[in-house]
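Structure record follows, encoded as structure tokens.
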Amino acid sequence: MPACRPLRVGPSLAAAAPAHSVRIPRCAPRWLANSYGRRSRRHASTAAALAPKPPVKDLETSFHTPVRTVLHRTAAFAPRVLPGRGSSAAPNTAVFWEEVLGETYGRLNSNAAETPARLVVYGCDEYSGARDLVTALLEEPFAPVTRRDAIRQRWAGVDQDTEMTIVYGYSPSEKPTSLRTPSNWLQQFPVPVEIRELPVVKSRDAASSAAYKSLFSSDIPIIVCNPATTPLATIRSELSLALHHRNAILVIVSSPESAPEFSDYVAKQFPQLLSVVFVDPARALRATRTLSAEPGSSVAVQRYQDNFSTSGISKLTSLLTEKLAVTSSGGVHALYALTAREQIKACLASCQTILKGASREMDEVHCAKYSLQDQVTELEARVGAEVLGVESAGEVKKALSIARQQVKLVMDGLTWWSCVWRVDDVGDTVKTAVDSAWCRELESRLIFHGGRLAVSQEAFAEKTWALLSSYKAPSSFHSPVLENELSQLQMTPSYPITSHALTSPIHARRAQLLYPTNTLHSSAQRMTIGMGSSVLAGFSYAWAGWAEKLGVLTGALAPGLELEAAVGTGMFISTFGVWWMVGRWEKAKRRWWRDWDRIGEGLERDLQATVQRVVREKVVVVPLRACDGLDRLAVARREEVETLKEESSILEDEAHNLDSKSTS
Numbered sequence: 013m014p015a016c017r018p019l020r021v022g023p024s025l026a027a028a029a030p031a032h033s034v035r036i037p038r039c040a041p042r043w044l045a046n047s048y049g050r051r052s053r054r055h056a057s058t059a060a061a062l063a064p065k066p067p068v069k070d071l072e073t074s075f076h077t078p079v080r081t082v083l084h085r086t087a088a089f090a091p092r093v094l095p096g097r098g099s100s101a102a103p104n105t106a107v108f109w110e111e112v113l114g115e116t117y118g119r120l121n122s123n124a125a126e127t128p129a130r131l132v133v134y135g136c137d138e139y140s141g142a143r144d145l146v147t148a149l150l151e152e153p154f155a156p157v158t159r160r161d162a163i164r165q166r167w168a169g170v171d172q173d174t175e176m177t178i179v180y181g182y183s184p185s186e187k188p189t190s191l192r193t194p195s196n197w198l199q200q201f202p203v204p205v206e207i208r209e210l211p212v213v214k215s216r217d218a219a220s221s222a223a224y225k226s227l228f229s230s231d232i233p234i235i236v237c238n239p240a241t242t243p244l245a246t247i248r249s250e251l252s253l254a255l256h257h258r259n260a261i262l263v264i265v266s267s268p269e270s271a272p273e274f275s276d277y278v279a280k281q282f283p284q285l286l287s288v289v290f291v292d293p294a295r296a297l298r299a300t301r302t303l304s305a306e307p308g309s310s311v312a313v314q315r316y317q318d319n320f321s322t323s324g325i326s327k328l329t330s331l332l333t334e335k336l337a338v339t340s341s342g343g344v345h346a347l348y349a350l351t352a353r354e355q356i357k358a359c360l361a362s363c364q365t366i367l368k369g370a371s372r373e374m375d376e377v378h379c380a381k382y383s384l385q386d387q388v389t390e391l392e393a394r395v396g397a398e399v400l401g402v403e404s405a406g407e408v409k410k411a412l413s414i415a416r417q418q419v420k421l422v423m424d425g426l427t428w429w430s431c432v433w434r435v436d437d438v439g440d441t442v443k444t445a446v447d448s449a450w451c452r453e454l455e456s457r458l459i460f461h462g463g464r465l466a467v468s469q470e471a472f473a474e475k476t477w478a479l480l481s482s483y484k485a486p487s488s489f490h491s492p493v494l495e496n497e498l499s500q501l502q503m504t505p506s507y508p509i510t511s512h513a514l515t516s517p518i519h520a521r522r523a524q525l526l527y528p529t530n531t532l533h534s535s536a537q538r539m540t541i542g543m544g545s546s547v548l549a550g551f552s553y554a555w556a557g558w559a560e561k562l563g564v565l566t567g568a569l570a571p572g573l574e575l576e577a578a579v580g581t582g583m584f585i586s587t588f589g590v591w592w593m594v595g596r597w598e599k600a601k602r603r604w605w606r607d608w609d610r611i612g613e614g615l616e617r618d619l620q621a622t623v624q625r626v627v628r629e630k631v632v633v634v635p636l637r638a639c640d641g642l643d644r645l646a647v648a649r650r651e652e653v654e655t656l657k658e659e660s661s662i663l664e665d666e667a668h669n670l671d672s673k674s675t676s
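Heads up, this note's numbering is the position in the sequence shown plus 12, with the first residue counted as 1.
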């Protein structure tokens, strides 16, 4: 939720709440921000109107000022916790409580003589008997027929999705959704009352936000339930906040003469402070209509007394009288203040529910994140064994051993006498042998596992996106920034896993053999040249001795040896040169094999590092990046939730103090 920049409150609020420095956020309800400009004028007019009645003014100050202060702070706090929009039938949105608290604020600042106590009747379903209950309360046996018909047919021709308002009066109402009736029942209470009869709830999903708003805005909510059609557990879960209202009354449509076991069972299902009464509206209506049909019959009178007294209507009326007794000492101001306190507690309870849900969501995020990280760790632990075998060193050595055997056949064929005739082909011959034999089986295996890693990469990406998509707005873990970061990561050229992703060390190590092979080729050429030079030198020396013997060479060109010595020396030179060059050639081949062993030893390390790098940087990079992002969001959300919990706890303590002052 975006942060709200607070506004300083003017002197009017300071006068209303000297003990607190209230700061109203810009995201607070409009009525809350606009109320401060009107309060000084309203107080002035109220003070003038009530000047002859100091006790009432004292009551208004006593009840309204502290309650209004906490009400303002709660209204400013709720938008920071509750979502702006949500289920239209659930009191868990900031918009819902903005309307409820705003209306209560208006009632607190209105002329008490003009606003009656509000009794809201809510039927849990179409078989609850709520309409019969209202009819039984208002209908009188000796009233004129037109008045009784007006009560019975009050819903005729009226939109069934609206609420009906019933007040005391004689003149007909101009609105079809309002009924004025001079019922004595409406006049028996200490203050004027009005009945708001909510539309029939035909299904659990059909309950409207307006019905819940009226229920939570009532001074005395009356919830009518038929346990035969609506389970008590459903009422307890769906109307938990309303049932915790101090003035709430739960009417169980059943015979008041029900078994004590059933009464005890019902009492255990709901809060101890909830008033539960068993009423049989149908019996009360039969009693009233029996007496209306035969007003002079003593039998009818007796039946009326028996049925009406056992219907439970009188108990409900007595209970309402007890609920309204608070107005006897404090006037209707006390009732409004009590309603405001109950709404504050209900709003804070909704905030606590959201905060607990946020804590549960953080726990779920941590569990989902740890589960994903465990899968990543499991893959990293087993991928090495799957790709390179349980003993990676053995697999690589085996591949190198097979390649060595194949190349050795070629190297053994490169004897010194064969190299003389194909000295220019030595390098190409060795390169061809190395290319065809260097870890070909291992390379094929790595290509296969590269394809498997590509499948694993796609599976991890799908799991990650499934996890992120499970957090819908307005969840704090719905982060378009994180989703965009992951999308860009998947679009990078280095993200896809090619079939040769794991074989690069084999190609790199194979390429490293080019230099030793070229050196071997040069050694073969030097061997050939050296051998030819030695043979030529030996034959030249022997020919020089023979030529001197014949007198062909004399002087400085003569070797000065006998013919036999010259021939022997020449043969020695040739043989020694050939032996020397052959030794150099064999030494060059041994040096080449040492390079082979050295390069092969690093292949195992390269393959292990490559597998780990591919897994870390390609296969699991998306889930790891997502887990890091969720960690950052969780840390920020936890700090925010802890701060909101502290503020909510402070407001709850203030609301509790209001209750303590009202009962003291």
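Yeah, the Cβ is synthetic: ideal placement off N, Cα and C, and Gly gets one too.
Length of the line joining the Cα atoms of residue i and residue j
i: lysine 673; j: leucine 350; result: 11 Å
i: alanine 361; j: glutamine 281; result: 19 Å
i: alanine 485; j: cysteine 451; result: 53 Å
i: leucine 532; j: arginine 617; result: 27 Å
i: aspartate 171; j: valine 311; result: 40 Å
i: tryptophan 197; j: leucine 150; result: 6 Å
i: glutamine 200; j: glutamate 654; result: 49 Å
i: arginine 650; j: glutamate 250; result: 28 Å
i: proline 307; j: threonine 77; result: 53 Å
i: glutamate 664; j: lysine 357; result: 7 Å
i: alanine 59; j: asparagine 121; result: Low confidence applies to alanine 59: its pLDDT is 36, below 50, so where it sits in the model is not reliable enough to give any reading.
i: valine 395; j: glycine 462; result: 11 Å
i: alanine 621; j: valine 419; result: 27 Å
i: threonine 333; j: proline 202; result: 8 Å
i: alanine 411; j: arginine 464; result: 21 Å
i: valine 205; j: glycine 181; result: 12 Å
Buried or exposed (CB count within 10 angstroms, at least 16 for buried), residue i
i: glutamine 314; result: exposed
i: leucine 569; result: Low confidence applies to leucine 569: its pLDDT is 43, below 50, so where it sits in the model is not reliable enough to give any reading.
i: phenylalanine 588; result: exposed
i: tryptophan 597; result: buried
i: lysine 335; result: buried
i: tyrosine 134; result: buried
i: proline 243; result: exposed
i: tryptophan 591; result: exposed
i: alanine 279; result: exposed
i: phenylalanine 460; result: exposed
i: proline 492; result: exposed
i: arginine 610; result: exposed
Neighbourhood of residue i by C-beta, 7 Å cutoff - its chain only, sequence neighbours within 5 removed
i: arginine 119; result: Thr127, Tyr348
i: glutamate 495; result: Leu480
i: valine 634; result: Phe472, Ala473, Thr476, Leu498, Leu501, Gln502
i: valine 377; result: Phe489, Leu642, Ala646
i: glycine 324; result: Pro268, Val289, Phe290, Val291, Asp292
Chain-order list of residues whose beta-carbon lies under 8 Å from that of residue i (same chain, five-residue window excluded)
i: tryptophan 167; result: Arg143, Met176
i: serine 371; result: Val653
i: leucine 367; result: Val93, Val653, Leu656, Lys657, Ser660
i: threonine 189; result: Val170, Asp171, Thr174, Glu175, Met176, Thr177
Three-way DSSP call (helix, strand, coil) for residue i in this model
i: threonine 193; result: strand
i: isoleucine 509; result: coil
i: arginine 51; result: Caution applies to arginine 51, whose pLDDT of 40 falls short of 50 and renders its modelled position unreliable; the model cannot decide the point.
i: serine 304; result: helix
i: alanine 358; result: helix
i: tryptophan 167; result: coil
i: lysine 65; result: Its pLDDT being 40, under 50, lysine 65 is placed unreliably by the model, and the measurement read from it follows with that caveat. Here lysine 65 sits in coil by DSSP.
i: tyrosine 316; result: helix
i: proline 517; result: helix
i: proline 14; result: Unreliable placement is indicated for proline 14, whose pLDDT of 40 sits below 50; the coordinate value is still reported in the next sentence. Reduced to three states, the DSSP call for proline 14 is coil.
Chain-order list of residues whose beta-carbon lies under 6 Å from that of residue i (same chain, five-residue window excluded)
i: leucine 145; result: Val236, Pro293
i: valine 422; result: Ala445
i: tyrosine 139; result: Asn238, Thr241
i: tryptophan 109; result: Ala90, Cys359
Per DSSP, the bridge partner or partners of residue i
i: phenylalanine 290; result: Ile264
i: threonine 177; result: Ser190, Arg208
i: valine 133; result: Glu209, Ile234
CB contact check: residue i to chain D, cutoff 8 Å
i: glutamine 469; result: No chain D is part of this structure, which consists of one protein chain only.
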